[in-house]
Amino acid sequence: MNICVLTISDSGYRGERKDFSGDAVQKYVEDAGHSVVQRSIVPDDPSAIRTILEKWADSTGVDVIFTTGGTGLSTRDNTPEATIDVTEYLIPGIAEVMRLKTFDLTPYSILSRAVAGVRSGSIIINLPGSVSGVKQCIEVVFESVIHAVQIVQDTKPH
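Quick note on my numbering: the sequence shown kicks off at 80 and runs consecutively.
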């Protein structure tokens, strides 16, 4: 699979903070034998988030876009809304299972507003901004995401 990683962080965008969460996504993806073909950091700005998601999803050959950050309750957390704005339809079960499976590790997981959806045959999945949250959530959904890509792109026999 060809995967893009988009980190949403004001401080990361300004270069004030290293992108450890994006690094965690990339490591998991590559350790699983897949490729990170694009990676970027944008501020917590809905327009900036939408622009990159649209560009990547509409590109040929992008299977999955993982975002990290901007899924909380702060007024600066805009990732779910930007994702909803650009998707053709949502896949609610992905975010639901991430919250459910990580609840025992941190009860704050239910405060996540993460979503997942499809645009132009690419699956977009919002992950938390913390490294531990990224690792926990991506591990929970990755196998199902591979299957979902095959269905969305109609490459799996029915």
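Cβ atoms here follow ideal geometry from the backbone N, Cα and C, with glycine treated the same way.
Source: prediction; values computed, not measured.
Please report the distance separating the alpha-carbon of residue i from that of residue j.
i, j, result
"GLU167", "ILE202", "10 Å"
"VAL228", "GLY94", "33 Å"
"ASP124", "ASP164", "13 Å"
"VAL141", "THR154", "30 Å"
"ARG118", "LEU85", "6 Å"
"ALA195", "GLN232", "16 Å"
"GLY148", "ALA127", "14 Å"
"SER100", "THR234", "30 Å"
Can you give me the Cβ contacts of residue i inside the same chain, cut-off strictly under 8 Å, excluding the 5 residues immediately before and after it?
i, result
"THR150", "ASP156, THR158, PRO159, SER191, ARG192, ALA193, ASN205, LEU206, PRO207, GLY208"
"TRP135", "CYS83, LEU85, GLN117, VAL141, ILE144, SER201"
What span of residues does the alpha helix (DSSP H) with residue i cover, start to end?
i, result
"THR162", "158–165"
"ARG118", "Segment 114–121 is the beta strand (DSSP E) holding ARG118; no alpha helix (DSSP H) there."
"ILE217", "210–231"
"ALA127", "125–136"
Using a Cβ-Cβ cut-off of 6 Å (strictly less than) and excluding sequence neighbours within five positions of residue i, which residues of its own chain qualify?
i, result
"SER188", "ARG178, THR181, PHE182"
"ARG129", "ALA161, ASP164, VAL165"
"TYR91", "With the sequence shown as reference, residue 91 is identified as Gly, and Tyr is not the correct amino acid for it. Once the five neighbours on either side are set aside, the close Cβ partners of GLY91 are ASP98, ILE120."
"ALA103", "VAL210, VAL213, LYS214"
What residue range does the beta strand (DSSP E) around residue i cover?
i, result
"GLY196", "195–198"
"PHE145", "143–147"
"THR86", "81–87"
"SER201", "201–206"
Going by beta carbon distance, what residues of the same chain come within less than 7 Å of residue i, once the five residues before and after it are set aside?
i, result
"ASN81", "SER114, VAL116, GLY140, VAL141, ASP142"
"CYS216", "MET177, THR181, LEU206, PRO207"
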